[in-house]
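Everything on this sheet refers to the single structure shown next.
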Amino acid sequence: DARVTQTPRHKVTEMGQEVTMRCQPILGHNTVFWYRQTMMQGLELLAYFRNRAPLDDSGMPKDRFSAEMPDATLATLKIQPSEPRDSAVYFCASGLVQDGSSGANVLTFGAGSRLTVL
Amino acid sequence: QKEVEQNSGPLSVPEGAIASLNCTYSDRGSQSFFWYRQYSGKSPELIMFIYSNGDKEDGRFTAQLNKASQYVSLLIRDSQPSDSATYLCAVHSGGGADGLTFGKGTHLIIQP
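In order, the protein sequences belong to chains V and Y. Our numbering applies: residue 15 is where the first sequence begins, and numbers increase by one. Our numbering applies: residue 11 is where the second sequence begins, and numbers increase by one.
Okay, here's the thing in structure tokens:
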């Protein structure tokens, strides 16, 4: 089965440290999303890319978060410096947007990266 | 602010009965609607999607959409204990935006 691969699965770090999460989307998918899930807020869209170009990062705290897609097989989400309020599960998801369609619909999620910032 | 609202539950349903999960959304221009299931500690997985008003059936699952009322529902027939999970409603607004807006989910418990 095609799947989205995320690393690390779990990360415990101290406040102020840099955290980098990685995602390998499904081969052939042209759109990659980063979501954050907490009990209080549920799933929140942080940023997404289409054909490796960043299209929307309005959901992301710009001062400490950055998202990049250096190539078609790798998307990264970086937090620097990390804070306890960043503790959450971070999901990467990918999808295929057809030219002329209204946008990506069906998303396949990775297993998530559980981040704990002490 | 686009919002998707769900009752958090828990919703408790006896095995074999019909489970009914509901969702409302604020953006009247929303174009497509999705139901994801999420088991505890796992990632969301797609159950089904619906674009047009009315019902759409897939096995034991039926999605219902009423755009005039901005209301989506998911019915699960012959509920099984393995259906116990959190069900997330997601909405795609279109207009060039690709991301889905998710509700916080309804926790469903199927009682054996």
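Backbone N, C-alpha and C define an ideal beta-carbon position, used for all residues, glycine too.
Margin query: Please state whether the Cβ-Cβ distance between Leu84/Y and Ala73/Y is less than 7 Å.
Written below: A contact, by the Cβ cut-off of 7 Å.
ask   = Given 8 Å as the limit, is there contact between the segment 86 to 94 of chain V and the segment 20 to 29 of chain Y, that is, 3 or more CB pairs closer than that?
value = Remark: fewer than three beta-carbon pairs, one from each stretch, lie closer than 8 Å, so the segment 86 to 94 of chain V and the segment 20 to 29 of chain Y are not flagged as touching.
message: Taking the beta carbon of Asn63/Y as the centre, do at least 16 other beta carbons fall within 10 Å, making it buried, or is it exposed?
response: Flag for Asn63/Y reads exposed.
### Contact with chain V by Leu21/Y, beta-carbon distance below 7 Å
No, Leu21/Y lies away from the interface with chain V (no Cβ there is under 7 Å from its Cβ).
| query | How about Phe47/V: is its C-beta nearer than 7 Å to some C-beta of chain Y? | reply | Flagged as an interface residue toward chain Y: Phe47/V, by a C-beta distance shorter than 7 Å.
Looking only at DSSP bridge pairs, what is Tyr81/Y linked to?
Paired residues: Thr34/Y, Asn76/Y.
Check your understanding: Taking 7 Å as the CB-CB cut-off, is Ala118/V touching chain Y?
Key -> Only weak support is given to the placement of Ala118/V: the predicted model assigns it a pLDDT of 46, under 50, and the question is left unresolved by the model.
* Asked: What three-state label does DSSP hand Pro22/V in the structure shown?
  -> Here Pro22/V carries a coil assignment [DSSP, helix/strand/coil].
*asked:* Counting only Cβ-Cβ distances shorter than 9 Å, please list the residues of the segment 95 to 120 of chain Y near chain V, keeping chain order.
replied: Result list: Leu98, Ala100, His102, Ser103, Gly104, Gly105, Gly106, Ala107, Asp108, Gly109, Leu110, Thr111, Phe112, Gly113, Lys114, Gly115.
Check whether the segment 98 to 112 of chain V touches the segment 30 to 48 of chain V, counting contact only when three or more Cβ pairs, one atom from each stretch, lie closer than 8 Å. With three or more CB-CB distances shorter than 8 Å, the segment 98 to 112 of chain V counts as touching the segment 30 to 48 of chain V.
Residue from Ser42/Y, Pro91/Y, Gly26/Y, Glu13/Y with nearest C-alpha to Lys66/Y: Among Ser42/Y, Pro91/Y, Gly26/Y, Glu13/Y, the Cα nearest to that of Lys66/Y belongs to Ser42/Y.
- prompt: Just reading off the beta strand (DSSP E) that Pro84/V is part of, what are its end residues?
  reply: Its beta strand (DSSP E) spans residues 79 to 85.
When the cut-off is 7 Å and only beta carbons count, does Leu91/V lie next to chain Y? Chain Y, which has no Cβ nearer than 7 Å to the Cβ of Leu91/V, makes this no.
Answer yes or no: does any C-beta atom of chain Y fall closer than 7 Å to that of Ala102/V?
Not one beta carbon of chain Y lies nearer than 7 Å to the beta carbon of Ala102/V.
**OP:** Count the other CB atoms, across all protein chains shown, that sit within 10 Å of the CB of Val131/V; report buried if there are 16 or more and exposed otherwise.
**Re:** It counts as buried.
Quiz item: Between the Cα of Ile28/Y and the Cα atoms of Thr34/Y, Ile60/Y, Glu15/Y, Ser94/Y, which residue gives the shortest distance?
Solution: The candidate whose alpha carbon is nearest that of Ile28/Y is Ser94/Y.
Taking Cβ positions only, does Gly56/V come closer than 7 Å to chain Y?
So, interface residue.
Mind the definition here: the segment 17 to 36 of chain V touches the segment 70 to 79 of chain V only if three or more C-beta pairs lie below 8 Å; say whether that holds.
-> As far as the Cβ criterion goes, the segment 17 to 36 of chain V does not touch the segment 70 to 79 of chain V, which means the pair count is below three.
* Name the residues in the segment 55 to 67 of chain Y whose C-beta lies less than 8 Å from a C-beta of chain V; which are they? -> Correct list: Glu55, Leu56, Phe59.
Exercise. Helix, strand or coil for Arg128/V per DSSP?
Worked result: If DSSP states are grouped into helix, strand and coil, Arg128/V belongs with the strands.
| task | Pick helix, strand or coil for Arg66/V, following the three-state DSSP scheme. | result | Arg66/V falls in the coil class under three-state DSSP.
Problem set entry | Closest Cα partner of Thr87/V within the set Phe63/V, Ala125/V, Glu32/V | The residue with the shortest Cα to Cα distance from Thr87/V is Phe63/V.
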